[in-house]
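Residue 1778, in this note's numbering, is where the sequence shown stops; the numbers in between run on with no holes. One structure is given here, and the rest of the page talks about it.
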Amino acid sequence: MIELKNISIRYGSFTAVHDLNVEIRDGEFFTFLGPSGCGKTTTLRAIAGFETPAAGTITAFGRDLSGLLPEERGLGFVFQNYALFPSMSVYENIAFGLKAHKVPKKEILPRVQAIAEKTGITEHLHKKITELSGGQQQRIAIARALVLEPKVLLMDEPLSNLDAKLRVSTREEIRKLQRALGITTIYVTHDQEEAMAISDRIAVFNVGRIEQVASPKEIYNHPANAAVARFIGDINCLGGTAKQELRQTLGCGDDELLFIRPHKVRITKQPQSTPGSSELAAVIDSFEFLGAYTKIIAKTPDNCPITALMFGSETEFAVGETVYVQFRHADVLALREG
Ligand code: ATP
């Protein structure tokens, strides 16, 4: 287990990370997720030993890491820009760390070959880094970190230099490899879809603090506060009369905001009073047919937009048409600001 206790990290008078507490379990794929500048990379770098916290302790498998150099921590690090040596071959890049750690010469070749096999890069071992695509370089960077047999793999936005399609296939490969090796992994991304797709658990960061730590499903279905709800997936924040009526019906406090996911909103042509639901008249403002579903934006008479996703519906709507927007009370999230 990796444990961060009361960690604060400062740059001069600026506090980038405030009193952070989090535990990462053995074998877990754990993601630091949050918008740019919220302290994810800084926290990861502190675990790796590249930043020194102003306060707090970091332990890994019961060992206090403070005072240890990065190379003494038993952690592998994959950087955003891969940090490979362009003038060396793939083999030399992977062997580099083993040589630096004074691994006996006769062990180097079999260890590089074994990790190349596991990461699917054997065919590239004798190529130059400059001959490889971004996705291939990313795998070399992972192999280079893993060859040292770290107990933990730290990855900082490892897919950010890849195009959208390659990001998806490469994240699946990373997850498969992580599962196969059972290695505890801490992964940094600002991409919420990526985080949801690959993580066992996610820590949602916001301005130097963690707002919530939970599984992707839990975070999506039960966000801890409004900041998390807005950051994870699309969501409607209800305003105007919809908010006032629902607040009364649900007995919510004035400081609670009301949210509903677009796929939980129903839009019908006729009013339908359903027990346990609220209904509002609205006018279709726009709709987009997106193949598997149609995205509809309807506006209430007080001009509040509500987005709905309709899956597999044959119903056709026209812009300007009056419709009825329904929410099940059980699907409405009443949340305070973070
Ligand atoms: P990104 O996804 O953009 O990398 P992040 O969540 O990883 O964002 P950090 O890189 O951890 O954010 O930065 C957190 C805050 O600390 C930011 O406000 C950043 O400007 C500041 N910061 C980071 N490194 C330094 C530094 N070396 N000196 C001063 N301020 C820094």
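For glycine and all other residues, C-beta sits at the position ideal for the given N, C-alpha and C.
Relative to the ligand ATP, is the shortest distance from any of its heavy atoms to the C-beta of residue i smaller than 6 Å?
i       : result
Gly1479 : yes
Ser1529 : no
Ser1476 : yes
His1630 : yes
Ala1643 : no
Ala1456 : yes
Tyr1627 : no
Have a look at residue i and residue j and give me their C-alpha separation to the nearest angstrom.
i       : j       : result
Gln1731 : Leu1549 : The sequence given here places Gly at residue 1731; Gln does not occur at that position. About 51 Å.
Leu1697 : Ala1774 : 6 Å
Thr1629 : Gln1520 : 10 Å
Arg1551 : Ile1675 : 48 Å
Tyr1660 : Gly1514 : 33 Å
Gln1710 : Ala1488 : 59 Å
Ala1682 : Ala1556 : 58 Å
Leu1678 : Val1647 : 25 Å
Asp1718 : Ser1448 : Sequence check: residue 1718 is Ser here, not Asp. Between Ser1718 and Ser1448, the C-alpha separation is close to 45 Å.
Val1668 : Lys1735 : 23 Å
Lys1546 : Leu1538 : 11 Å
Cys1744 : Ala1666 : 18 Å
Glu1491 : Lys1445 : 15 Å
Ile1672 : Phe1727 : 23 Å
Val1462 : Ile1724 : 45 Å
Val1763 : Glu1651 : 37 Å
Met1441 : Asp1694 : 41 Å
Inspect the beta-carbon positions of residue i and residue j and report whether they are closer than 7 Å.
i       : j       : result
Arg1579 : Ile1561 : yes
Ala1748 : Pro1702 : yes
Pro1493 : Ala1500 : no
Val1518 : Ala1581 : yes
Ile1707 : Val1765 : yes
Leu1593 : Thr1625 : yes
Ile1498 : Leu1508 : no
Residue i: buried (16+ other C-beta within 10 angstroms of its C-beta) or exposed?
i       : result
Ala1604 : exposed
Glu1571 : exposed
Asn1533 : buried
Thr1740 : buried
Glu1589 : exposed
Glu1597 : buried
Gly1760 : exposed
Give a yes or no on contact between the region 1602-1622 and the region 1443-1456, applying the rule of three or more CB pairs nearer than 8 Å.
no
Touch test, the region 1639-1655 against the region 1748-1768, Cβ-Cβ under 8 Å, three pairs minimum:
no
Three-pair Cβ contact test at 8 Å for the region 1568-1578 versus the region 1597-1610
yes
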